[in-house]
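Structure, as structure tokens:
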Amino acid sequence: MRLVTIKNLRVDLSGKTVLDNVDFHLDAGEIVTIVGPNGSGKSTLLRTIIGAVRPASGQVQLKPGLRLGYIPQKLTLDATLPITVRRFLSLPKIAPRSEVSAALIRAGAEGLDDQQLAELSGGQLQRVLLARALLGKPEVLLLDEATQGLDQPGAANFYQLIADMRRDLGCAVLMVSHELHV
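What the sequence shown shows, in this note's numbering, is residues 11 to 192, in sequence order.
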């Protein structure tokens, strides 16, 4: 089943064409990785799919009612903001404690519920962001440079976790990276 279809997409940012004549589709159960150098428009493509960037022309078609789980390239946190992982996962809508715990377990972040978000390591934060994406029961996981800042073993573990998610949940995965070994 076709989940995402992009036809003749063009995106302009600050008067510069970032994406031009992009055609792409993603089907249920697929894992697709888009690899390219920094500044090539990979993140812009994901942000266009989630509706955060408006295309100059072309079409982005999503299956009606499609549930997306988005893991951003980075999350800027105010270190003085006292917010626990559990509270972060309940924004903007309160999630039941049992669902938060289940998502953290599935993402390999068990036991981080009461940790301050600003105190997490890079790998822990990526797993918390994955847990947040899972709370929406996504049909498509969108990962924007999800292993940036992780060491090689951490990145390999994270990719294995994503492959397991696809297998267990049946979701499609679209990730972007500048690393060729993905």
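Yeah, the Cβ is synthetic: ideal placement off N, Cα and C, and Gly gets one too.
Using a Cβ-Cβ cut-off of 8 Å (strictly less than) and excluding sequence neighbours within five positions of residue i, which residues of its own chain qualify?
i    : result
P82  : L139, D154
I104 : none
L101 : none
In this structure, how does DSSP classify residue i when only helix, strand and coil are distinguished?
i    : result
Q162 : helix
G49  : coil
R96  : helix
M175 : helix
R77  : coil
L101 : coil
I59  : helix
R64  : coil
T43  : strand
T15  : strand
T27  : strand
Is residue i near residue j, with beta carbons less than 7 Å apart?
i    : j    : result
I41  : V150 : no
T58  : V28  : no
G146 : G79  : yes
P148 : R77  : yes
G68  : R20  : yes
V95  : L135 : no
L114 : A143 : no
F34  : I60  : no
L152 : L56  : yes
Between the C-alpha atoms of residue i and residue j, what's the straight-line distance to the nearest angstrom?
i    : j    : result
T157 : D124 : 24 Å
N18  : V70  : 9 Å
L13  : D37  : 5 Å
D88  : A119 : 21 Å
K84  : R97  : 19 Å
A112 : D178 : 14 Å
E129 : D174 : 27 Å
G180 : M11  : 12 Å
N48  : T90  : 30 Å
A172 : K26  : Checking the displayed sequence, the identity of residue 172 turns out to be Ile instead of Ala. Approximately 34 Å, taken between the alpha carbons.
T86  : G133 : 15 Å
E189 : V32  : 21 Å
S50  : D30  : 11 Å
E109 : P65  : 35 Å
R176 : L99  : 21 Å
A165 : G39  : 22 Å
Please go through the same chain and pick out, in chain order, the residues whose beta-carbon is closer than 6 Å to the beta-carbon of residue i, but skip the five residues on each side of it.
i   : result
K52 : I44, G46, V186
K73 : L13
By Cβ distance, which residues of its chain are closer than 7 Å to residue i, with the 5 residues on each side in sequence left out?
i    : result
P92  : Q126
R137 : A117, G118, A119
G159 : G132
V63  : V21, T54, R57
Tell me whether residue i counts as near the ligand NAP, meaning its Cβ is closer than 6 Å to at least one heavy atom of that ligand.
i    : result
Q170 : As for the ligand NAP, it is missing from this structure, which has no ligand bound.
| query | Going along the chain, which unbroken runs of the alpha helix (DSSP H) with 4 or more residues stay wholly within the stretch 109-169? | reply | Whole alpha helix (DSSP H) segments, 4+ residues: 132-145.
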